[in-house]
Structures are given as structure tokens and as C-alpha cells.
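Taking it in order: structure first as C-alpha cells, then the write-up.
In my numbering, the protein residues as written are 99 to 281.
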């Protein structure tokens, strides 16, 4: 009987440790593209796509599909959050003001855009450390391979999946995930 209690205790402790390892994005506050504070806890209950962006990349036209996706689902509990980054061949050289103007003028971007950050390397922003390190997100390790890599997070702020930069924002896999009700 004592062995059963020990096994049960270990299972409970193990489960509690796994839940403690899984961290939510809601603990992060970042700077938006206008220099204001953006608290991710304001997005509780919504599915999120976080994407690193660049204005001078072959994948930059994805802004158009990102904006269309945002418009189609923003009233259905879905938000896209863009993080401009200059980590790949200096394809985002502009200031926050220049990036904002470019995005609005060329693609009509209205989804939340954050201040330019580093998404990899020694100056990696803490939010990307969270997204790319299993020890922080409790789900998976990844590395940001290029501009427009996408991270999907559920309504509780937990990382669900990383999506390749080359995968279009309107890919069936992404749409199916957005359309699947919370279980």
C-alpha cells in the first residue's frame, strides 16, 4: 500500500512540475511601435500569432495576407502581433516610425506592431527567448530561421506550435487551428 502512495505522490509532483515549466506569454510586457507599453495579459482569451517581420525581404508581401487574416478573424478571438527585426541580412534597417509608415502605406497593417527587437543571438529579446526555448515555454525548442516565422499561442497564452517563415499566413493548417474551438 505504501508503494502505491509513493507512486501516486511522484505522479502528482511530476504533473505539478510540468505545469510549472509551462509558462504563459501573459507575463510579458513589451514596447509597441509607438513607444507605448503593451501588456500581453490584455490578450487573455484570444488565440495569438506572433511573427517577426522585415520590410526588405522576399517574404515581405506576407504582410498583405497577415492583414487579411487579422481582418477576417480579429472579431473572433484572434490577434496577430508583429515584431520587426533586423536579424537577417539587414532586411529591417528602418526606425520604428519608418517601419510603421511602410507597413501602413504599403499593406494597410492594422494588427499590433511592436518596437523593433532582436529575435536571435546575444541580444535576443526575452519574448523570443520564451518562444524559442522549451525550458521557458514548456513545449518546444526552435530557432528563428528567417523573417516571417510564426508562433501560435492558445487562448491561455501557451505556445502551441512554430510555423515556418515560408508557410503563408492563410495556409489551411493555420486556418484550421484558428477555427478549432477551445477544448
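For every residue, glycine included, the Cβ atom is placed at its ideal position computed from N, Cα and C.
(1) Quick check on this structure: which residue in 264, 271, 279 has the alpha carbon closest to the alpha carbon of residue 158?
(2) Starting from residue 249, follow the beta strand (DSSP E) in both directions and report where the run begins and ends.
(3) To the nearest angstrom, how far is it from the Cα of residue 190 to the Cα of residue 198?
(4) For the stretch 245 to 264 against the stretch 154 to 170, do three or more pairs of beta-carbon atoms, one drawn from each stretch, fall closer than 8 Å, so that the two count as touching?
(5) Pull up the distance between the alpha-carbon of residue 132 and that of residue 212, whole angstroms please.
(6) In terms of alpha-carbon separation, which member of 130, 129, 188, 252 lies closest to residue 280?
(7) Return helix, strand or coil for residue 116, following the three-state DSSP convention.
(8) Return helix, strand or coil for residue 178, following the three-state DSSP convention.
(9) Throw me the rounded Cβ distance for the residue 175 and residue 206 pair, which I believe falls under 8 Å.
(10) With a threshold of 16 other CB atoms inside 10 Å of the CB of residue 262, please say whether the residue is buried or exposed.
Once the coordinates are examined:
(1) The residue with the shortest Cα to Cα distance from residue 158 is 264.
(2) 248 to 251 is the extent of the beta strand (DSSP E) around residue 249.
(3) Using only the alpha carbons, I get a separation of about 12 Å.
(4) Touching, per the Cβ criterion.
(5) Cα to Cα, residue 132 sits roughly 8 Å from residue 212.
(6) Here the closest residue by C-alpha is 252.
(7) Its pLDDT being 48, under 50, residue 116 is placed unreliably in this model, and the value from its coordinates should be taken loosely. In the three-state reduction of the DSSP assignment, residue 116 falls in the helix class.
(8) Of the three classes helix, strand and coil, the one that applies to residue 178 here is strand, per DSSP.
(9) About 22 Å; that fails the 8 Å criterion.
(10) Sixteen is the threshold: since fewer than 16 other Cβ atoms of the shown chains lie within 10 Å of the Cβ of residue 262, the residue is exposed.
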